[in-house]
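Numbering (the numbering used here), first residue to last: 17 to 259.
C-beta atoms are modelled at their ideal positions from N, C-alpha and C, and glycine is treated no differently.
To keep things clear, I will list the structure first and then write my remarks on it.
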């Protein structure tokens, strides 16, 4: 499997604090069958403002340690870009990373971002010649159970991603992610999801859950759909090709 959304770089955002924690998280992902991981640390003004030089240096240190442990695991560099009016120009100037240096960039918004702002922001990114992969679409209230809006984003040229944890079955009681899980299932039912990725941060509550999610989608939607969402589509993006 290929994971295009992860927080595995230590000491740069709300992911692992140490390289040991990074390696433990990667080991969990590897055990679940993931063999390619895009490191998409947060870039968010006012919240996660670690210098790009430090993020890249820590990524390279982690990549070196991973190469000593795994012959068949590849790490790629990227970022989860929280949309602000500065992001399109930063992408144009190469000040924030795309996914593995491709034409694709993982872009996120706040849960309460209005529909108009999501649409306008993604349009501005597209105008820079960058194709947005819209991170965890199930989180955005403006897209809730609204296939027309998601399809409009796709028709514009965007791709969509949902989190593996939100593919899991909702718990009857005390499931704070139940709303996200219902939305993710709706988007899957409507076939408007391009990639499932982990958005993993730690080995506790925010684990990869990639194996469990893959098995659910395989069972409920079939082998081809599972391969598209976890393997073929992410691989196509990493190779800088359109789906």
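Which residue from the options puts its Cα closest to that of residue i?
{"i": "residue 185", "options": "232, 173, 107", "result": "232"}
{"i": "residue 162", "options": "222, 100, 131, 126", "result": "131"}
{"i": "residue 150", "options": "197, 108, 99, 188", "result": "99"}
{"i": "residue 217", "options": "48, 55, 205, 79", "result": "55"}
{"i": "residue 39", "options": "72, 68, 81", "result": "81"}
{"i": "residue 51", "options": "18, 36, 41", "result": "18"}
{"i": "residue 104", "options": "85, 76, 189, 139", "result": "139"}
{"i": "residue 235", "options": "224, 41, 204, 221", "result": "204"}
{"i": "residue 168", "options": "198, 244, 209, 200", "result": "209"}
Kindly indicate which three-state DSSP category residue i falls into: helix, strand or coil?
{"i": "residue 206", "result": "coil"}
{"i": "residue 19", "result": "strand"}
{"i": "residue 58", "result": "strand"}
{"i": "residue 234", "result": "helix"}
{"i": "residue 125", "result": "coil"}
{"i": "residue 120", "result": "strand"}
Is residue j closer than 8 Å to residue i when the C-beta atoms are compared?
{"i": "residue 246", "j": "residue 230", "result": "yes"}
{"i": "residue 92", "j": "residue 254", "result": "yes"}
{"i": "residue 74", "j": "residue 29", "result": "no"}
{"i": "residue 211", "j": "residue 179", "result": "no"}
{"i": "residue 214", "j": "residue 22", "result": "yes"}
{"i": "residue 196", "j": "residue 156", "result": "no"}
{"i": "residue 175", "j": "residue 182", "result": "no"}
{"i": "residue 113", "j": "residue 94", "result": "yes"}
{"i": "residue 72", "j": "residue 97", "result": "no"}
{"i": "residue 177", "j": "residue 20", "result": "yes"}
{"i": "residue 42", "j": "residue 25", "result": "no"}
{"i": "residue 164", "j": "residue 200", "result": "no"}
{"i": "residue 256", "j": "residue 118", "result": "yes"}
On the criterion of 16 or more Cβ atoms from any shown chain inside 10 Å, does residue i qualify as buried, or is it exposed?
{"i": "residue 159", "result": "buried"}
{"i": "residue 63", "result": "exposed"}
{"i": "residue 49", "result": "exposed"}
{"i": "residue 44", "result": "buried"}
{"i": "residue 120", "result": "buried"}
{"i": "residue 34", "result": "exposed"}
{"i": "residue 115", "result": "buried"}
{"i": "residue 244", "result": "buried"}
{"i": "residue 188", "result": "exposed"}
{"i": "residue 127", "result": "exposed"}
{"i": "residue 67", "result": "exposed"}
- Query: Which ranges would you report for the alpha helix (DSSP H) in the region 129-196 if only whole runs of at least 4 residues count?
  - Reply: Correct list: 131-143, 163-172.
Completely contained alpha helix (DSSP H) runs for the region 33-110, where each covers 4 or more residues:
Taking only runs of at least 4 residues, the alpha helix (DSSP H) segments lying wholly in the region 33-110 are 35-47, 68-85, 103-109.
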